[in-house]
Each structure stands twice: as structure tokens, then as C-alpha cells.
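Quick notes on the structure that follows.
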DNA sequence: CAGTCATGTTTGAATTTTCAAGTGACACCG
DNA sequence: CGGTGTCACTTGAAAATTCAAACATGACTG
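Chains as they are written, first to last, in the working numbering: chain L, 1 to 153; chain F, 1001 to 1153.
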């Protein structure tokens, strides 16, 4: 058994800061969405992804990937959004195994109302704080780490 | 009502990538901890912060700040850790309003088992993927965004 | 020194998420 | 075509989290 390797002081400080960000930024965005639109971060993104789609509809499993969530969680979540009238579900006419989630008119309207406030907060708390170079670096960092996560399984 | 501002293409791409990271990195770390040590990310950090403390004890409210969590959640969580024998609680002898969470011997031993695997994963998925310059930039980014979140309330 | 107040923490109920098992549609194999 | 299998999704129960209210201790006030 080899001596386990630990983080250097700089690495630890950077990691701690980043972890704090990991916790605080989503919380800050959630709180705005919750307050102004009674939506969670993920619910917002489910609606947003649907609205980007040609027919405002998408398979549950695709949607799960896009929203970075598990199918089961999505299924419960879409059930709730359905009860609110924002989404409805239909079996895919071409293949009954698939279910399509469809953004309703009411859902679209609701999203349109919620979006500007959310985007404003993303700009205010995140985008506008960073200079273009930092944003570029962060983008590269994200891709690198994500690639590593993929390959590590 | 002014035209709401939106993100540029580059900004959007960077934001999307970063959001994905925000979702995937904690999930990847959690899954290792869960698998190898039956601890959630936050539970691990609660134990870790306690172990860093002089007497391996800390007030609940301080601990909540360090672990970036709300007091209520922490209280439930410490209750669970207590049932597992890793932590115990005592009222602060100097001021009965405060509660101190105390890491037990068993909790310390358990953490000592869990730590190397977790650290190895942080190194593997995160630290080792980035060069020192990127890590420095990320550290600066984290501090800037966190400062903005603080000041925005 | 009783009464009110503020603060730190806990508690229980409601909501959400996770986990494991269940269901239904299609594909394939004999 | 009848099984058997697999895939996409749903469901229900268990676990965790959030939310609001309760509680306890000490501080301040008249």
C-alpha cells in the first residue's frame, strides 16, 4: 500500500474555493427562480430545452440527458409539471416505447415570463463578473474535466 | 420595459459547459464516496471539517457555514451520523444555546479510511487534468463570482 | 427578577429525490 | 406466431431535503 498523495496548499485552496462556488452559484440562481417563478433550476431547464426543440417536444430519455438528470427523477418532475399544465406527455406515434414530453402553450408562456429574470441573474452573478479571457479559460477547463469524467466512467 | 439582454454565443457555450460541470463533477465524486464509504459529499465534508478542528468539535452553526449548508439540513444530517456512531452532540458548556458536534473516535477512523479514495478521485478527475495556470485562473474566477454572490445578497 | 426578545438549534410535515421493482411495447429466435 | 429478452419509462416506497413552526437558553428592560 503506497502513501496516499494529497493536495498541495495552492491546489487545496483552489479546490475549496471552487467547491464553494459549486454549492453557492446554483443556490443563488435557484433562489431567484423559485422566488420569481416557482421553478427549480432543473425544471426551468427542462422547459427551456423543450422550447428549443422544433416541435417543442422531446423524448423523455433525450431530455434526461440534456437536463443532466436521471430518468426516474425526470419522470416524477414531468409529472409535476404536467399537473401544473406546463407539459403534457404522449407516446411517440412511431414507436410506442418512447414517450414524448411536449411543452404546452401555457408552459411556453410561463417560460417566456421566467426567462428574462433568470438570464439577468446569470449575467449579473456570473458572466459580467468575468472578463472574456477568464470565460474562455473556464470553458476549456469545463471541457477538460468533463472529458476526464466521461473517460473515467 | 427594456429589451432583456441575452448571452452571446460564446458566453452561452461557456455557461452551458460550466453548468454541465456543476452537475457532473459533484455527482462523480458522490458516486465514489457512496460506493466506497456510504457517505454523501456533504457528510464527508462535515466529518472532514470536524477532524480539522482542535478538539474535533465545532458549533453546529459554524459547521453549517463551513459545509455550505443550512442549519436544518445539517441538524438532520448530524442526527443520521450520530445514529451511525460517527458524531455526537453536546451543549456548549460555556453557553447552553450552542450545540457542539463532536467527531467520535469511530468517526475519525471511518474518515481516515474514506479520505484517500476521495482525494485520489479529486486529483484524478480535477486537479491532474488542469495545469497550474488554469487552476490559478479558476481559483480567481471562483473568488470573483462568490464575491458577487455575497454582495448581491 | 418577571417579562419580553433574540439567537441557535431541533422538530415534524410536506416536498423532492433516490432506489428497486414493475409495466408495456417492440425485436428477435425458435 | 408464441416465447423470451430488452429497452424506455413509470411507479411506489424509502431516504433526504426544505419549510415553517416550535423550543430552549441566555440577554435585555422596566
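Cβ coordinates follow ideal geometry from the N, Cα and C atoms, glycine included. These numbers were taken from a predicted model, which means no experiment stands behind them.
DSSP-derived helix/strand/coil call for residue 1100 of chain F: Here the question's residue 1100 of chain F lines up with position 100 in the second chain. Residue state, collapsed to three classes: strand.
Continuous beta strand (DSSP E) stretch holding residue 87 of chain L: start and end: The residue labelled residue 87 of chain L in the question sits at position 87 within the first chain. Looking at the DSSP string, the run of the beta strand (DSSP E) that includes residue 87 of chain L is 87-91.
Beta-carbon proximity list for residue 59 of chain L, same chain, < 8 Å, skipping 5 on both sides: As a position in the first chain, residue 59 of chain L is number 59, starting the count at 1. Same-chain partners within the cutoff: 92, 98, 99, 100, 101.
Where the beta strand (DSSP E) containing residue 59 of chain L begins and where it ends: For this step, residue 59 of chain L is matched to residue 59 along the first chain. 57-59 is the extent of the beta strand (DSSP E) around residue 59 of chain L.
For residue 110 of chain L and residue 14 of chain L, the rounded distance between their alpha carbons: Here residue 14 of chain L is taken as the residue at index 14 of the first chain, counted from 1. Here residue 110 of chain L is taken as the residue at index 110 of the first chain, counted from 1. Spanning the two alpha carbons is a distance of roughly 39 Å.
Proximity winner among F:1043, F:1010, F:1065, F:1018, relative to residue 1082 of chain F (alpha-carbon distances): In the second chain, residue 1082 of chain F corresponds to position 82, counting from 1. Looking at the Cα atoms, F:1043 is the closest of the given residues.
Alpha helix (DSSP H) segment containing residue 47 of chain L, residue limits: For the purposes of this step, residue 47 of chain L is taken as residue 47 along the first chain, with counting starting at 1. Taken as a continuous stretch (DSSP letters only), the alpha helix (DSSP H) holding residue 47 of chain L covers 41-52.
Assigned secondary structure, residue 137 of chain L (DSSP; H/G/I helix, E/B strand, else coil): Walking along the first chain from the start, residue 137 of chain L turns up at place 137. In the structure shown, residue 137 of chain L sits in a helix (DSSP, three-state: H, G or I).
Cβ neighbour criterion (16 or more within 10 Å) applied to residue 1142 of chain F: Translated into the one-based positions of the second chain, residue 1142 of chain F becomes position 142. Label assigned to residue 1142 of chain F: buried.
CB contact check: residue 1083 of chain F to chain L, cutoff 7 Å: On the second chain, position 83 is the one that residue 1083 of chain F refers to. Cβ-Cβ to chain L under 7 Å: no for residue 1083 of chain F.
Partner residues on chain F for residue 102 of chain L, Cβ-Cβ distance less than 7 Å: As a position in the first chain, residue 102 of chain L is number 102, starting the count at 1. Within 7 Å Cβ-Cβ: nothing; residue 102 of chain L doesn't reach chain F, min ~23 Å.
Interface positions of the region 43-76 of chain L facing chain F (Cβ-Cβ less than 7 Å), listed along the chain: 68
CB contact below 7 Å: residue 17 of chain L versus chain F: Sequence index remark: in the first chain, residue 17 of chain L carries index 17 (1-based). Yes, contact with chain F.
Spatial neighbours of residue 51 of chain L in its chain, beta-carbon cut-off 7 Å, leaving aside the 5 residues before and after: Position 51 of the first chain, counted from the first residue, corresponds to residue 51 of chain L. Hits under 7 Å: 103, 108, 111.
Alpha-carbon spacing of residue 1137 of chain F relative to residue 1038 of chain F, whole angstroms: Working through the second chain from its first residue, we reach residue 1137 of chain F at position 137. Working through the second chain from its first residue, we reach residue 1038 of chain F at position 38. Using only the alpha carbons, I get a separation of about 33 Å.
Test: residue 1112 of chain F CB closer than 7 Å to a CB of chain L: The residue given as residue 1112 of chain F occupies position 112 in the second chain. Chain L contact via Cβ: absent.
DSSP state of residue 6 of chain L mapped onto helix, strand, coil: For the purposes of this step, residue 6 of chain L is taken as the residue at position 6 of the first chain. Here residue 6 of chain L carries a coil assignment [DSSP, helix/strand/coil].
Same chain only: Cβ atoms within 8 Å of residue 85 of chain L, ignoring 5 sequence neighbours per side: By 1-based counting over the first chain, the position of residue 85 of chain L is 85. Once the five neighbours on either side are set aside, the close Cβ partners of residue 85 of chain L are 104, 106, 107.
Whole-Å CB distance - residue 1029 of chain F paired with residue 1121 of chain F, under 8 Å assumed: As a position in the second chain, residue 1029 of chain F is number 29, starting the count at 1. As a position in the second chain, residue 1121 of chain F is number 121, starting the count at 1. With 8 Å as the limit, residue 1029 of chain F and residue 1121 of chain F qualify as a contact, their Cβ atoms being about 6 Å apart.
Own chain partners of residue 113 of chain L with C-beta closer than 8 Å, once the 5 adjacent residues on each side are dropped: Here residue 113 of chain L refers to the residue found at position 113 when the first chain is read from its first residue. Excluding sequence neighbours, residue 113 of chain L sits near 37.
Cβ-based burial, residue 1152 of chain F [other Cβ within 10 Å; buried from 16]: Mapped onto the second chain, residue 1152 of chain F falls at position 152. Residue 1152 of chain F should be labelled exposed.
Residue 1076 of chain F (DSSP reduced to helix, strand or coil): Taking the second chain and counting its residues from 1, the one referred to as residue 1076 of chain F is at position 76. Note: residue 1076 of chain F maps to helix in three-state DSSP.
Proximity test, Cβ basis, 7 Å: residue 109 of chain L and chain F: Position 109 of the first chain, counted from the first residue, corresponds to residue 109 of chain L. Under the 7 Å criterion on CB atoms, residue 109 of chain L is classed as non-interfacial with respect to chain F.
Status (buried if at least 16 other CB within 10 Å, exposed otherwise) for residue 1065 of chain F: Mapped onto the second chain, residue 1065 of chain F falls at position 65. Classification of residue 1065 of chain F: exposed, given that the 10 Å Cβ count is below 16.
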